[in-house]
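Read through the structure below, which is laid out as structure tokens, and then see the notes.
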Ligand SMILES: Cc1ncc(COP(=O)(O)O)c(C=O)c1O
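Residue numbers (full-length UniProt numbering), protein chains in the order written: chain A, 1 to 445; chain B, 1 to 504.
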């Protein structure tokens with residue numbers, strides 16, 4: 001394989017069979033179309049390139065900006081394509097809720113504009129909708145915006161009708177699968193593939209998956225939101241069902257841990273949705289001696305969704321932490337073993353102690369820089385937690401005074417360090433707030 | 001008929017037990033007329049306490065200021081005046097609100113004056129020692145001149161900031177958050193002018209904090225503004241100013257509809273009705289801002305998100321607990337570590353479950369669309385309960401005249417769910433109480449009451465008017481007495497154990 005440009009590597013993704021011992025279907029062969037193996041990492045590489053190509057060829061070398069309402073994958077592909085052609089890329093969205101994706105886009109050079117939330121104090125006559133303003137800006141006479149318009153652009157569908165769909169047929173030796181299952185975002189992939197499959201054989205069944213209305217799955221829409229998509233036509237789907245973020249993560253974990261497919265959440269949702277739908281079909285096929293095939297799409301990869309998983313299923317990421325931890329102490333143990341000193345006593349200790357105590361401020365660096373006890377050092381609680389995990393960070397000969405905002409966290413650490421064998425650790429009672437309220441001096445950096 | 005699409009209200013005690021007492025509510029309406037607003041002053045104090053418990057959980061000091069504009073009641077303000085002065089204050093947005101608050105027992109030092117202010121308002125606020133929440137450098141100058149000219153004492157001020165999204169300051173996290181344009185506050189980018197003015201008029205005003213109020217339901221935008229304010233507080237201190245509090249405004253939200261499923265089904269059905277794939281859910285196919293363009297739904301629904309899983313104190317808690325965008329530490333931690341007090345100004349959320357609006361059913365008749373849709377005319381108009389004005393969609397509770405519906409007496413016959421359009425008592429085609437087709441468990445009869453629950457926040461009396469000489473709703477405060485509900489006119493309520501004057 002040798003290419004002149006990375007865009008030539010878009011498409012021709014593999015179709016991989018899921019081991020029946022994983023999905024448990026006895027009369028159906030289930031295949032995953034691995035769109036995550038496109039060069040920019042997702043199913044969106046195809047429509048992004050297909051939609052942008054005419055613009056890029058015209059606009060290359062100019063000072064234009066490619067804009068799209070995209071929360072992730074389309075933005076990623078367009079940012080890279082724009083960059084290759086010397087153009088800028090801007091993504092406008094209110095759906096970008098996964099921090100890694102945001103940061104990845106920034107790394108790719110994208111500019112990101114986030115749409116605001118709904119008005120709390122509603123004015124039903126308000127016409128000043130930021131999205132409307134955005135569209136107005138696009139259509140101003142000498143705007144240099146190149147809007148790919150993925151939710152309405154027929155080239156989004158075309159990209160799949162000329163690529164994804166035919167590839168599936170080719171890899172099934174010219175046959176069409178009995179079921180095609182896809183998550184619906186812009187409806188581009190599902191519509192384009194469905195069209196081609198139906199042209200080959202109208203008996204194909206198409207299952208569209210949307211996110212449960214109260215839930216959020218990055219990349220796909222809820223049943224209400226698909227009605228706002230220009231490319232969405234309910235007639236494309238034999239049925240539409242919803243999936244939850246828990247389905248998505250369950251499916252993702254199965255594909256990753258059992259099949260070696262590094263799928264993201266929508267791939268997982270498609271897998272779960274497919275198996276759930278096909279289970280009853282499989283039961284009916286028992287004894288008929290016939291076999292069926294089904295194909296679902298794995299849109300993108302897992303790596304960008306770690307925080308999404310962490311929020312919903314933290315146990316999948318964190319093995320229990322080991323070592324000393326302040327959180328492991330009970331309130332009773334903290335009260336019994338933590339020593340606190342009042343502000344007045346603390347000041348005397350700091351002035352006359354022999355040796356004088358090391359004062360450790362556990363607050364964040366900005367708070368510390370703004371105002372702190374003179375002579376104190378700043379070790380942010382998160383870092384302190386790491387330090388004490390493996391052992392005492394201070395010599396036992398150095399007395400220590402710990403300070404936090406109200407003296408609660410510091411008391412916990414004082415108890416822990418005492419338990420770890422430090423003979424003289426105390427916590428500032430009432431914390432820096434009490435210190436201030438007592439009129440004791442605080443300094444700025 | 002289609003399956004009824006209910007949007008049943010969230011009703012919590014003691015409002016729930018008040019609704020059970022239909023004879024009492026009928027007697028009230030018989031005596032005082034329809035429409036009638038009923039308030040539960042005790043609940044506002046309980047709500048304040050819920051906000052306070054969020055403060056305690058995060059070890060934060062500072063006050064909860066009731067945004068008076070949410071309801072013009074005296075009873076609510078007086079009940080709040082009776083709360084712990086260190087914990088509860090009031091946010092007034094006009095001269096009259098200020099006079100009202102003072103008359104209800106708030107001392108000047110518990111008052112925050114916000115909103116656009118004229119000279120009279122500024123003078124009285126300064127005179128009584130209220131904190132003035134400044135909208136602009138111009139307002140600051142006006143205040144300072146008044147203070148100097150009239151020999152008033154130094155006035156505590158907060159500076160209200162806006163437009164955090166275009167801010168390239170240290171919290172810029174690479175992305176730009178667009179926002180709805182706001183007429184209020186000084187753009188952060190121009191705050192320098194205000195700091196200079198504060199220094200110039202140091203004899204007249206003292207900066208005690210920074211403020212913002214963002215009209216959004218999205219915690220992301222608020223967390224960003226909050227974090228920026230914490231950093232700006234340090235900048236102010238660096239200039240020798242001594243601010244103490246960050247005032248994060250209101251907008252904590254209320255859940256009106258109890259069941260998420262009902263809300264989801266209704267809003268989905270609205271899109272489908274707009275697309276024409278199911279019968280209309282509204283008067284003459286109104287789409288609440290949604291429209292059908294070639295089979296695609298366009299526009300945004302001008303609806304208050306009526307079911308909310310997190311609202312009020314819960315929303316504050318969530319906002320304080322989520323990591324801030326640039327520094328990563330939660331806003332509660334930032335406030336505490338930077339030694340800042342927290343002020344909040346809830347309006348709607350503080351009067352959650354504090355009242356209901358009653359309307360007598362005057363007339364019931366079938367529409368030309370057939371018996372499946374009836375017109376129900378109420379002794380009330382759209383100005384008395386401005387559900388549409390605020391995009392609030394929620395079903396009224398039917399309180400039959402004969403006392404049925406409380407389970408004690410048999411339901412009248414002719415039962416079964418029915419779709420009705422609720423029209424008002426004005427001779428105007430536009431006078432609809434709500435444009436939504438409302439499903440009731442059975443057809444009401446003339447003389448029954450409909451209770452609109454949880455209307456105390458904005459909806460009760462925001463736009464009531466006297467144009468057509470229809471009676472404007474009277475308002476009463478009710479409290480649970482020994483075994484029965486007791487009531488008095490709103491204006492006669494005082495937070496004493498026995499409102500009727502019997503010494504306790
Ligand atoms: C991760 C992910 N999954 C699924 C989809 C849905 O694909 P389509 O837009 O073609 O319906 C998208 C696109 O929005 C996506 O980004």
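All residues carry an ideal CB built from backbone N, CA and C; glycine is no exception. Only a predicted model underlies this, so the values are computations on that prediction, with no experimental measurement involved.
Neighbourhood of residue 428 of chain B in chain A, by CB distance below 9 Å: empty, with the nearest CB roughly 18 Å away. As computed with DSSP, residue 112 of chain B is found in a beta bridge with B/91, B/131. Listed by position along chain A, the residues whose Cβ is nearer than 7 Å to that of residue 260 of chain B are 214. Residue 120 of chain B counts as exposed, since fewer than 16 other beta carbons sit within 10 angstroms of its beta carbon. For residue 338 of chain A, there are no neighbours in chain B by C-beta distance under 7 Å, as the nearest C-beta there is about 17 Å away.
By alpha-carbon distance to residue 116 of chain B, the top candidate from B/105, B/101, B/140, B/104 is B/140.
When the alpha-carbon of residue 181 of chain B is set against those of A/119, A/63, A/387, the nearest one is in A/119.
Ranking B/374, B/359, B/360 by CA distance to the CA of residue 366 of chain B puts B/374 first. Out of B/143, B/196, B/207, B/218, the CA that lies nearest to the CA of residue 177 of chain B is found in B/218.
Sequence-ordered contacts of the stretch 105–138 of chain A with chain B read 106, 112, 113, 114, 115, 116, 117, 118, 119, 120, 121, 122, 124, 128, 129, 130 [C-beta pairs closer than 7 Å]. With respect to residue 41 of chain B, residue 417 of chain B sits apart: the two C-beta atoms are not nearer than 8 Å. Of all alpha-carbon atoms in B/332, B/258, B/291, the one lying nearest the alpha-carbon of residue 271 of chain B is that of B/291. Spatial neighbours of residue 436 of chain B in its own chain (CB-CB distance under 7 Å, excluding positions within 5 residues in sequence) are listed in chain order as 281, 282, 393. Taking the beta carbon of residue 370 of chain A as reference, the chain B residues within 7 Å of it are 234, 237, 338, listed in sequence order. Residue contact check for residue 24 of chain A against chain B: no CB pair falls below 8 Å. Under DSSP, the beta-bridge partners assigned to residue 155 of chain B are B/205. Contact between residue 208 of chain B and residue 244 of chain B is confirmed by a C-beta separation of about 6 Å, below the 8 Å threshold. Residue 81 of chain B has its alpha-carbon roughly 37 Å from the corresponding atom of residue 426 of chain B.
Here the C-alpha atom of residue 424 of chain B lies approximately 47 Å from the C-alpha atom of residue 147 of chain A.
Burial is judged here by how many other beta carbons sit within 10 angstroms of a residue's own beta carbon; residue 470 of chain B has at least 16 and is buried. By the criterion of a C-beta distance shorter than 6 Å, residue 4 of chain B is surrounded in its chain by 417, 439, once the five residues flanking it on both sides are discounted. In this structure the stretch 5–25 of chain B does not lie against the stretch 358–376 of chain A, because fewer than three pairs of beta carbons, one per stretch, are closer than 8 Å.
Of all residues in the stretch 175–191 of chain A, none is placed with a Cβ closer than 8 Å to any Cβ belonging to chain B.
Residue-level contact by beta carbon fails for residue 58 of chain A and chain B, as no gap is shorter than 8 Å. Counting the other Cβ atoms within 10 Å of the Cβ of residue 353 of chain B gives 16 or more, which makes it buried. Neighbourhood of residue 304 of chain B in chain A, by CB distance below 7 Å: 122, in chain order.
Here residue 160 of chain A is buried. Its C-beta has 16 or more other C-beta atoms within 10 Å.
In this structure residue 316 of chain A is exposed. Its beta-carbon is surrounded by fewer than 16 other beta-carbon atoms within 10 angstroms. Annotation: the continuous beta strand (DSSP E) that includes residue 401 of chain A extends over 400–403. Following the DSSP letters along the chain, one finds residue 343 of chain A inside the alpha helix (DSSP H) bounded by residues 343–352. In terms of Cβ geometry, residue 436 of chain A and residue 428 of chain A do not form a close pair [threshold 8 Å].
For residue 436 of chain A, the neighbours in chain B by C-beta distance under 7 Å run, in chain order, 339. Counting C-beta atoms within 10 angstroms of its own C-beta, residue 344 of chain A has fewer than 16 neighbours from the protein chains shown and is therefore classed as exposed. In the DSSP assignment, residue 304 of chain B falls outside any alpha helix (DSSP H) and carries neither an H nor an E. Nearest CB-CB separation between residue 265 of chain A and chain B: not below the 8 Å threshold. Inclusion of residue 434 of chain B and residue 357 of chain B in the CB contact set at 8 Å is not warranted, their separation being larger than that value.
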